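In this note's numbering, the protein residues as written are 38 to 368.
Each remark here refers to the structure printed beneath this line.
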Amino acid sequence: MLNNKTILITGGTGSFGKCFTKYVLEHYEPKKVIIYSRDEFKQFLMENEFREYKDKLRFFIGDVRDRERMQRAFEGVDYVIHAAALKQVPACEYNPNEAIKTNIHGAQNVIDAALDSGVKKVVALSTDKAVNPVNLYGGTKLVSDKLFVAANAYAGTKEINFSIVRYGNVAGSRGSVIPFFHNLMKNGKTEFPITDYRMTRFWISLREGVELVIKALEEATGGETFISKIPSFKITDLAQAMLPGCKMLEVGIRPGEKLHEIMVTVEDSDTTYEYDKHFIVYPQVIWNSKQQINLSGKKVAEGFSYSSDNNVQWLSVEEIKELLKTVDLEK
Numbered sequence: 038m039l040n041n042k043t044i045l046i047t048g049g050t051g052s053f054g055k056c057f058t059k060y061v062l063e064h065y066e067p068k069k070v071i072i073y074s075r076d077e078f079k080q081f082l083m084e085n086e087f088r089e090y091k092d093k094l095r096f097f098i099g100d101v102r103d104r105e106r107m108q109r110a111f112e113g114v115d116y117v118i119h120a121a122a123l124k125q126v127p128a129c130e131y132n133p134n135e136a137i138k139t140n141i142h143g144a145q146n147v148i149d150a151a152l153d154s155g156v157k158k159v160v161a162l163s164t165d166k167a168v169n170p171v172n173l174y175g176g177t178k179l180v181s182d183k184l185f186v187a188a189n190a191y192a193g194t195k196e197i198n199f200s201i202v203r204y205g206n207v208a209g210s211r212g213s214v215i216p217f218f219h220n221l222m223k224n225g226k227t228e229f230p231i232t233d234y235r236m237t238r239f240w241i242s243l244r245e246g247v248e249l250v251i252k253a254l255e256e257a258t259g260g261e262t263f264i265s266k267i268p269s270f271k272i273t274d275l276a277q278a279m280l281p282g283c284k285m286l287e288v289g290i291r292p293g294e295k296l297h298e299i300m301v302t303v304e305d306s307d308t309t310y311e312y313d314k315h316f317i318v319y320p321q322v323i324w325n326s327k328q329q330i331n332l333s334g335k336k337v338a339e340g341f342s343y344s345s346d347n348n349v350q351w352l353s354v355e356e357i358k359e360l361l362k363t364v365d366l367e368k
């Protein structure tokens, strides 16, 4: 499906962008992969990292806040993956206007540029924090999600659709709990601060996140939110897996933090279907005949929700130990 296609990734120098680029170049024969981001140094590093693919890669300096620049970058592009965002919860709380400019206005700019440039498909990355948001970052991503779903109403006769992929923190991602615990261990600490002993999280790898985006590119007809079926774990079990026998001190939940991650709410259950390895939340409003429900799935029961504390898949301490071997903590 991606063979001989031009793909653009906003925020393409981030962890997801690099993993997605590598996956596409190793599994397909794209015409071109365009990395759109505002940090020229990260582009320089990525260009060196992917030197063997230099004939397929293009680097485009620009900001999602700049609609004219994006329109230029989107010319001749078939598929857009929108990964650019301000993601750090405290930074968004202290700089709300900046978060709004990037996460909301930037999302609208991506939509407008895609509609005006002949793009065929747009997949936007979302987050569990957009579900029942309790912080500004989650609030901006909720608005972003709504914009991308509603964008299908403006497709008209154009061959374009917009969809969303939602997942939580990737295992080992910057600023998350695994590298935090790892740094404590490197400094000789034997006691880990635990925000709440009841806290649970989903476990998803960067590769699984990329594969879900590929599925959205292959299957989306417009307005869907794709969510992987992934296992849950207890934060206390993670601590014991990383440092068996460690002491754990409960310190309280930080501002803007949730006890559990949630991906599908009870309110969404009316339009949610379950498939072998994922869920899809379909839009409540269907704007045109191109938008279709994949009937190979099964509609979830009324009142269904999908969160890290009511999951049917759980990781044991030993299973977490094995998965930790796949996490690069020295990046």
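The beta-carbon is built from N, C-alpha and C at its ideal position, and this holds for glycine as well.
Fair warning: this is a prediction, and the values are worked out from it, not measured in the lab.
Judged by pairs of C-beta atoms under 8 Å, the stretch 197-206 touches the stretch 248-256, as three or more such pairs exist. When DSSP states are grouped into helix, strand and coil, residue 94 belongs to the strand group. The continuous stretches of beta strand (DSSP E) do not include residue 219, which lies in the alpha helix (DSSP H) extending over residues 214-223. Annotation: the stretch 102-155 contains the following complete segments of the alpha helix (DSSP H) (minimum length 4 residues), in chain order: 104-110, 126-131, 133-137, 143-154. Taken through DSSP and simplified to helix, strand or coil, residue 188 comes out as helix. Each residue's CA atom was taken as its position, placing residue 88 and residue 154 some 29 Å apart.
With fewer than 16 other Cβ atoms inside 10 Å of its own Cβ, residue 338 counts as exposed. The three-state secondary structure of residue 247, taken from DSSP, is helix.
If the five residues before and after residue 237 are omitted, its C-beta is found closer than 6 Å to the C-beta atoms of 269, 271, 297, 345, 346, all from its own chain and listed in chain order. About 25 Å separates the beta carbons of residue 142 and residue 95, which is beyond the 8 Å limit, so they are not a contact pair. Under the DSSP assignment, residue 60 falls in the alpha helix (DSSP H) whose first and last residues are 52-64. Burial is judged here by how many other beta carbons sit within 10 angstroms of a residue's own beta carbon; residue 78 has fewer than 16 and is exposed. Per the Cβ contact rule, the stretch 320-329 is not in contact with the stretch 156-163 (fewer than 3 Cβ pairs under 8 Å). Straight-line spacing of the CA atoms in residue 227 and residue 104 works out to 50 Å.
Only residues of its own chain outside the window of five on either side were considered, and among them 39, 40 have a CB closer than 7 Å to the CB of residue 65, listed in chain order. In this structure, the CA atom of residue 354 is about 16 Å from the CA atom of residue 231. In terms of Cα proximity to residue 259, the closest of 303, 191, 311 is 191. Residue burial annotation: residue 195 is exposed, with fewer than 16 other C-beta atoms found within 10 angstroms of its C-beta. Assignment of residue 227 by DSSP, reduced to helix, strand and coil, places it in the coil class. In this structure, the alpha-carbon of residue 93 lies about 28 Å from that of residue 123. It is roughly 9 Å from the alpha-carbon of residue 113 to the alpha-carbon of residue 44. When C-alpha distances from residue 292 are compared across 80, 116, 307, 128, the shortest belongs to 128. Taken in chain order, the whole alpha helix (DSSP H) runs of length 4 or more contained in the stretch 290-368 are 354-361. Under the three-state reduction of DSSP, residue 86 is assigned to helix.
Between residue 58 and residue 168, the C-beta gap is not smaller than 8 Å, which leaves the two residues out of contact.
DSSP places residue 180 within a helical segment (H, G or I) once states are collapsed to three. The beta carbon of residue 179 is closer than 6 Å to those of 167, 170 in its chain, skipping five residues each way along the sequence. The DSSP-derived three-state label of residue 278 is helix.
Counting every other CB atom within 10 Å of its CB across the protein chains shown gives residue 295 a total of 16 or more, marking it as buried.
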